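Engineer:
What follows is the structure, encoded as structure tokens:
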């Protein structure tokens, strides 16, 4: 198995874990970019972000990877909008 095939296999396993474990974060995207992986998208809270990063570290151990995850807050605003 080549290094790129190995990364693709590990990314597929990571996607599967994110979709099927209790976390179920479907807004996260992962792709191989040569010899490294990129993880980006939105998650529902800081705990979910931490869980995604923990699982990614487990599945991609030894593979360089970068992340750009945004915490998307769902719910009513916490302050009034000021219109000028």
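In my numbering, the protein residues as written are 1 to 84. Glycine included, C-beta positions come from ideal geometry on N, C-alpha and C. Since we're looking at a predicted model, the values are computed, not measured.
Tell me, please, whether the stretch 20-28 touches the stretch 59-66 by the rule of three or more beta-carbon pairs shorter than 8 Å.
Structural biologist: The answer is no - the stretch 59-66 does not touch the stretch 20-28, with fewer than three Cβ pairs under 8 Å.
Engineer: In three-state terms, what does DSSP make of residue 16?
Structural biologist: Position 16 of the chain shown, counting from 1, holds the residue named residue 16. Helix, per DSSP.
Engineer: Short of 7 Å in beta carbon distance, which residues of its chain neighbour residue 15, apart from the five on each side in sequence? Order them along the chain.
Structural biologist: The residue given as residue 15 occupies position 15 in the chain shown. Excluding sequence neighbours, residue 15 sits near 30.
Engineer: If you draw a straight line from the alpha carbon of residue 17 to that of residue 8, how long is it in whole angstroms?
Structural biologist: For the purposes of this step, residue 17 is taken as the residue at position 17 of the chain shown. For the purposes of this step, residue 8 is taken as the residue at position 8 of the chain shown. Answer to the nearest angstrom: the Cα atoms are 14 Å apart.
Engineer: Going along the chain, which unbroken runs of the alpha helix (DSSP H) with 4 or more residues stay wholly within the stretch 28-63?
Structural biologist: For the stretch 28-63, whole alpha helix (DSSP H) runs of length 4 or above, ordered along the chain, are 46-59.
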